[in-house]
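Right, one structure below, let's go through it.
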Amino acid sequence: MRFTILTLFPEFFQGPLTCAQMARAREAGIVDFALVNPRDFSTGRYCHVDDRPYGGGPGMVMQPEPLERALASVERPGRKIVLAPSGRQLTQSLARELAREEALTLVCGRYEGIDERLIEAEGLEAIGVGEAVLNGGEAAALCLVEAVARLLPGFMGKEESGEDESFSHGLLEHPHYTRPEEYLGRAVPEVLRGGSHAAIARWRREASLARTLARRPEMLREAPLDGADINFLRGLAHPAALGRGLFLCLLHHPVLDKAGKTATVSLTNLDIHDMCRVSRTYELGGAFFVTPLDDQRELGQRLLDHWTEGPGGQANPDRGQALRLGRMAASLDEVLERVAARTGRTPRLVATSARAGYRVRRGRKERMIAFTPPGVVRGWLEREPVVLVLGTGHGLAPEVLERSDAVLTPVRGFSRYNHLPVRAAAAILADRLLGDAG
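Take 1 as the starting number for the sequence shown in full-length UniProt numbering and just add one per residue.
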């Protein structure tokens, strides 16, 4: 495969591309490299390749003309890529895809970036290697080159070793051991010292599953798992137990009616059942159902008692186990007090809203809601309890949103039809916050 790299700093690549396996692959003709400097194609007296950005702001932007001429000089460009953090992320799957190409041209940006018109005109495909900010595209280009090159036939000493690595099969790689058999009081796992290849394969698979659950649980959503994998994961304790600090709160007052006025709405049997089941599934701290109406709280408590202490729980123990997480409350303040008493910490109040143009008062100013991504709330859960409040009727009243520490980004917020039942929204939000890490 031929790699052409457009870079303002060709010397950046001299060491990495001329040592170890990469050097042997070049000698064997498996890979070939050409380094092209856009400065060589600048027509200015001082070989400028950048200028100030339109619209103002700090830094400089790479000009399109030198890059256009540099790209035109490449005889066999193949697939053209610009290294940018805003692009499609480099994964093992993408590396396999790129390894099927005969040639790749990599454009390394610098400064504040590249003039967008050049990217559009040349059809450059943006690829990033992470969310960290780098000085330029050179380090990212090296990551891409190594990830792709090692998949080429003949590059690795042992063909299968190019794929038997972390991320290759959707999981983190299992731990490795070598001699001595015991080190610092730690012995090599006994199964690895035995002669059963099947037992070793299963140990490695389970070690990969356990490591992925502990370090990168989000990867399990896309990993190819079989029934044995699922059963093994079910037997593991969740590493963070984040869900124990999350409490659902379904508010029936104060909420809005169709006219946008504050109102009180009635309890719904299905909401109580399903939000308790969500709480049990994600191992949450519990689910509160809030109404100021005494008769409604009595009705809700009778329902909970039927499934926890009465015949319902005897007939369906699984449902009874879920309904034990349900609690009735008269107000949001009561919920916050009860959670604080249980956890020993004042909880964060996180609201939900499907209304993008909603305006709330913060201090003396009225402003549009600023939504908070789930990752921020997930970070809070690592340190303190969170009450996630959802509204019935036509949404939470403004006074609830105004006192909240955050308002989560709407579920399916970009859809013109955004009217999910609240129990469905609760399940989706619990999964966004916890997934299989709860």
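We treat Cβ as the ideally placed atom computed from N, Cα and C, and that holds for glycine.
Residue closest to residue i, alpha-carbon to alpha-carbon, out of the options
i, options, result
"Leu420", "Glu402, Thr105, Arg79, Asp271", "Asp271"
"Glu283", "Gln63, Leu433, Phe33", "Leu433"
"Pro373", "Gly393, Thr409, Cys19, Arg277", "Thr409"
"Gln301", "Arg280, Asp318, Ala330", "Ala330"
"Leu94", "Ile114, Cys276, Arg79", "Arg79"
"Phe9", "Arg361, Ala223, Cys108, Gly227", "Cys108"
"Thr262", "Pro347, Val145, Ala397, Arg244", "Ala397"
"Ala132", "Asp32, Gln89, Leu98", "Gln89"
"His48", "Leu381, Cys276, Tyr111", "Tyr111"
"Asp405", "Val376, His394, Ser415, Asp431", "Val376"
"Asp295", "Arg378, Ser266, Ala427", "Ser266"
"Leu220", "Arg100, His169, Cys143", "His169"
"Val386", "Phe288, Ala20, Gly185", "Phe288"
"Pro77", "Gly57, Thr105, Gln92, Asn269", "Thr105"
"Phe13", "Leu213, Glu222, Cys143, Gly56", "Cys143"
"residue 439", "Pro180, Glu181, Gly285, Arg355", "This structure leaves residue 439 out entirely; the chain is present only between 1 and 438."
"Ala28", "Gly154, Tyr54, Gly312", "Gly154"
"Gly55", "Glu298, Asp115, Thr18", "Asp115"
"Arg100", "Gly157, Met1, Thr43", "Met1"
"Ala210", "Asp229, Gly57, Gly395, Arg186", "Asp229"
"Met275", "Val389, Pro254, Pro217", "Val389"
"Glu222", "Val400, Arg202, Gln92, Gly312", "Gln92"
"Pro58", "Gly113, Arg364, Val290, Leu124", "Gly113"
"Glu146", "Thr268, Ala23, Glu182, Glu122", "Ala23"
"Glu102", "Gly227, Leu152, Leu124", "Leu152"
"Leu401", "Val411, Ala341, Tyr46, Val255", "Val255"
"Ala426", "Arg324, Leu299, Thr264, His273", "His273"
"Asp32", "Ala149, Glu182, Val411", "Ala149"
"Val129", "Glu122, Ala139, Gly123, Ala121", "Ala139"
"Gly157", "Glu334, Gln21, Asp50", "Gln21"
Residues bridged to residue i (per DSSP)
i, result
"Ile127", "Arg88"
"Glu120", "DSSP, once it has assigned bridges, lists no residue as partnering Glu120."
"Thr392", "For Thr392, which the question treats as bridged, DSSP gives no partner whatsoever."
"Met328", "Phe289"
"Ile5", "Leu35, Leu106"
"Val255", "Ala263, Leu396"
"Leu248", "Ala287, Leu388"
"Glu190", "None; Glu190 has no bridge partner."
"Leu408", "Thr352, Thr372"
"Tyr183", "Arg186"
"Ile114", "Met62"
Cα-Cα separation, residue i to residue j
i, j, result
"Leu35", "Val74", "10 angstroms"
"residue 443", "Arg204", "It is not possible to answer for residue 443, since the shown part of the chain is limited to 1 through 438."
"Glu366", "Gly413", "22 angstroms"
"Leu242", "Glu206", "23 angstroms"
"Arg327", "Val278", "14 angstroms"
"Asp436", "Gly235", "13 angstroms"
"Ala240", "Leu225", "Because Ala240 carries a pLDDT of 46, less than 50, the predicted location of this residue cannot be relied on, and no value is offered for it."
"residue 478", "Ala351", "Outside the shown range of the chain, which is 1 to 438, sits residue 478, and nothing can be said about it."
"Asp40", "Pro64", "14 angstroms"
"Pro347", "Gly379", "13 angstroms"
"Pro66", "Ile428", "49 angstroms"
"Asn316", "Trp307", "8 angstroms"
"Ser208", "Arg280", "27 angstroms"
"Arg26", "Gly15", "13 angstroms"
"Glu160", "Pro85", "In this predicted model, Glu160 has a pLDDT of only 49, less than 50, meaning its place in the structure is not dependable; the value taken from the coordinates is given anyway. Glu160 and Pro85: Cα-Cα distance of roughly 30 angstroms."
"Leu336", "Arg383", "17 angstroms"
"Leu184", "Leu172", "25 angstroms"
"Ser353", "Arg359", "11 angstroms"
"Arg244", "Tyr417", "33 angstroms"
"Ala424", "Ala322", "16 angstroms"
"Arg96", "Ala141", "16 angstroms"
"Arg345", "Pro175", "38 angstroms"
"Gln314", "Arg186", "49 angstroms"
"Phe3", "Leu17", "11 angstroms"
"Cys19", "Ile30", "14 angstroms"
Beta-carbon separation (whole angstroms), residue i vs residue j, contact threshold 8 angstroms
i, j, result
"Val188", "Ile200", "Not quite, the Cβ-Cβ distance comes to about 12 angstroms (not below 8 angstroms), so this is no contact."
"Met60", "Arg52", "6 angstroms"
"Leu83", "Ile127", "6 angstroms"
"Thr343", "Leu250", "Thr343 to Leu250, Cβ: 20 angstroms. No contact."
"Leu6", "Leu71", "7 angstroms"
"Leu248", "Leu233", "Not really, about 24 angstroms apart at Cβ, beyond 8 angstroms."
"Leu246", "Gly194", "In fact, because the Cβ distance is near 43 angstroms, the residues do not count as touching under 8 angstroms."
"His253", "Pro217", "Not confirmed; about 37 angstroms, so no contact."
Residue-chain proximity (residue i, chain C), Cβ-Cβ < 8 angstroms
i, result
"His419", "This model lacks chain C altogether, as it is built from one protein chain only."
Residue i beta carbon near the ligand GDP (any heavy atom closer than 7 angstroms)
i, result
"Arg186", "Among the components modelled here there is no ligand, and therefore nothing to report on the ligand GDP."
Threshold first: 4 residues or longer. Then list the alpha helix (DSSP H) segments lying entirely within the segment 37-83, N to C.
Within the segment 37-83, the complete alpha helix (DSSP H) runs of at least 4 residues are 64-72.
Within the segment 350-386, ranges of the alpha helix (DSSP H) (whole runs, at least 4 residues):
374-381
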